[in-house]
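Just so we're aligned: the sequence shown equals residues 18 to 527 in the working numbering. Backbone N, C-alpha and C define an ideal beta-carbon position, used for all residues, glycine too.
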Amino acid sequence: MIDKSEYLNIQKSKNPFEQEEENEVLFNKTVSRANILKQNVETIIVSERKKEEQEQEQIINQIIEIEDFIEHNPQMVNYRKGIKKKILLFSIFILILIAERILYTSLLDEEQTLIQDIQKGLDLSSISSEQNYAEFSNSYFWKIVSFGVGFHNSFLLSTQFIATVYVSVSDFVGIKLIFTTLLGLYFIGVLQMFYNGPLPFWTSDQISSPYCVQTSAHPSRFVFTVLYISYYFLYCLRFRVQRNKRKSESEKQNLYKKIRIIQIVLALLLVPYLFLVYLSGLQFIINVALGFIMFYFYYTVIRQSNLFISETLAKVSINTEQAKRNIFNWFIIFIVMIFAAYVVLLGTDTYVDIKWIGNYLNCTQNNSNFFLNSQLVGPYHTFSVITVLGGLAGAIFGLNHTYNHLKQNCVKTWYKGTILKRFLRGLIVNIFMIPSWVLNYYQNSLLKSDFVINLGFSEFIIDILHYFFLYLLLFGFIPVYLYQPFKLVHIKKQKQKDRSITFLQQSMQE
């Protein structure tokens, strides 16, 4: 091998012509290699450009395919129409709220005159010869018509329906009704405190009513409750049919038609009933209209969030450590919600028109149901609507207790079974509602008793405790300690699985 010094000596010994030839050969090789490298780089650049062009072309083709799919696929066409419809309805919703605030006072004045004329024209009211105020017809028919308008009565009726659905139709549909309905009632209660709108018979001594309601009427909580419970229940049934893989498409279509017919029948029945309530002096038309708008807004939001609601509520009731943390989270949420409602109450004018109080007293004398309270009508009693959160808290503890203590072989199917079993479960849960109705009837007398006064209990505290233990009983204790021992639950043999997974799978199907 030649070392460096020897190589230099050899180079020096060469003549200049030989060295020049070698340099020329070396230069040519270098140029050739540079040209080859340049060609390789150009080839790589060209191939990369072609690759980028192909990728861009693929992306453009995919965009064209997606646009074509959106443009011509029936489902996507309907989806786009639905989005446009929701945007349009939301815009109309905002415009109506603005117009309502502008026209509210003038509309109330017009409606007062209209209700007075209708009641006099139909001989529903007469002017008292002694006190010179309107007295409503003392008829049981009108008392029945107006019975469900009051908060306590309507809430107990709603509870009976939801509890019957829970034990006789579908437990998870009942659970969704519990949470969404009670949260909706809280939402309406806060709005009523904010608007602080009077009932017709509050505003004029020439308008009478068969039932003396103390809570505000704007927007109509009665309209919201009736519409939401009935239509959301039917929506949940439709959703179950849609997820049922055992039924054919033709069977599903037939069931869809039946559900649609029921919705139409409900609407046709509700319209004349609302007119009767209107004649009773318990609702203005503008109250009903805003109640319907709030129902549609809330109902649309709940429908769009159906899957999220199912997942969230399934986690509340399953037997896991996470469920216990969820209960604590709900407790914190309840505290925040009560505080928020109280802030709204403080922001309202608690000093109502003295004329409203006088007309309310006229109503109580006419119907012989005078209430001894420090505040007769207005925001304080509207604030009591948020006691539904007590029922929601009781439901959370009750549901967690039910699915932790039902036997493994019936935790998923306990609400199913024969028609007789379903009927008996529904009958039992309605029988257990009787004490609540008794307490509701005698609550005013209870508030005036020395025992309750010494304890310092108010109507708000009694209501929130009442609803907490009622929902704990209906949705927690009755299924475990009554239905299960007397074999009123439906048992289905299945492989051993974690009950939390079982219930979660069930919720996704319903």
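Roughly how many angstroms separate the alpha carbons of residue i and residue j, rounded to a whole number?
i    : j    : result
I350 : L409 : 11 Å
I326 : N261 : 19 Å
L490 : F314 : 32 Å
L389 : N461 : Note that L389 scores a pLDDT of 49, beneath 50, so its modelled location is shaky; the value from the coordinates is reported in the next line. Each residue's alpha carbon lies about 8 Å from the other.
I113 : E69  : 53 Å
G241 : I278 : Note on identity: in this sequence residue 241 is Phe, with Gly being the wrong assignment. Going by the C-alpha atoms only, they are around 21 Å apart.
G298 : I281 : 27 Å
V446 : Q223 : 43 Å
E72  : F256 : 41 Å
V186 : Q79  : 46 Å
H507 : W454 : 30 Å
F107 : L216 : 28 Å
V288 : Q75  : 57 Å
D370 : Y377 : 11 Å
Y488 : M354 : 19 Å
E127 : L296 : 15 Å
F211 : K160 : 29 Å
I111 : L444 : 44 Å
L456 : K98  : 50 Å
T404 : T176 : 13 Å
S143 : K103 : 47 Å
I53  : S64  : 16 Å
I448 : R442 : 10 Å
R439 : V184 : 7 Å
F356 : G411 : 19 Å
E82  : I100 : 21 Å
K55  : L324 : 60 Å
A51  : V58  : 10 Å
I109 : I319 : 19 Å
Y121 : Q136 : 22 Å
From this set, the options, which residue's C-alpha is nearest residue i's C-alpha?
i    : options                   : result
E328 : E69, G214 and F196        : F196
H235 : Q177, P227, Q209 and C253 : Q209
V428 : N417, K438 and I436       : N417
Y458 : F168, L437 and L285       : F168
R423 : Y498, V369, D467 and S187 : According to the sequence as given, residue 423 is Leu; it is not Arg. With distances taken between Cα atoms, L423 lies closest to Y498.
I119 : I303, T198, G308 and P502 : I303
V361 : T399, F494 and N383       : T399
I481 : L406, Y316, G375 and T176 : L406
E117 : M311, K46, I352 and E266  : M311
K433 : I111, I144 and T181       : T181
L307 : K504, T404, K137 and L124 : L124
F218 : G375, A51, Y359 and V207  : G375
S322 : G138, Y249, E266 and D467 : Y249
P227 : V294, L437, A358 and F486 : V294
G201 : Y500, Y359 and F309       : F309
L13  : K193, T60 and I115        : One cannot answer for residue 13 here, as it falls past the ends of the chain, which runs 18 to 527.
Distance cutoff 7 Å, beta carbons only. Does residue i sit that close to anything in chain C?
i    : result
V230 : Looking at the structure shown, chain C is missing, and only one protein chain is on hand.
What is the DSSP secondary structure of residue i, counted as helix, strand or coil?
i    : result
S391 : Low local confidence applies: a pLDDT of 46 at S391 is under 50, so the model's placement there is unreliable, with the coordinate-based value given in what follows. Three-state result, S391: coil.
F153 : strand
S142 : strand
L491 : helix
P217 : helix
M450 : coil
K429 : coil
F348 : helix
V63  : helix
F508 : In the sequence as presented, Phe is not what sits at residue 508; that position holds Ile. Three-state result, I508: coil.
A14  : Past the edges of the chain, shown from 18 to 527, lies residue 14, and the structure says nothing about it.
Q501 : coil
K424 : coil
G408 : helix
P396 : helix
A357 : helix
H418 : helix
M525 : Caution applies to M525, whose pLDDT of 45 falls short of 50 and renders its modelled position unreliable; the model cannot decide the point.
Please state if the CB of residue j and the CB of residue i are separated by a distance shorter than 7 Å.
i    : j    : result
C380 : C253 : no
L244 : I276 : no
S171 : G165 : yes
T435 : P496 : no
G191 : I205 : no
G493 : G415 : yes
Q300 : S221 : no
S529 : F153 : The structure shown has nothing for residue 529, since the chain only spans 18 to 527.
N213 : S237 : no
V258 : K274 : no
I246 : T198 : yes
W347 : I451 : no
- [ ] Taking only runs that begin and end inside the segment 166-230, name each unbroken beta strand (DSSP E) of 3 or more residues, in chain order.
- [x] If only complete runs of 3 or more residues are kept, the segment 166-230 shows no beta strand (DSSP E) anywhere.
- [ ] Note down, one range per segment and in chain order, each beta strand (DSSP E) of at least 3 residues found wholly within the segment 262-336.
- [x] Scanning the segment 262-336 from its first residue to its last, no whole beta strand (DSSP E) run of 3-plus residues comes out.
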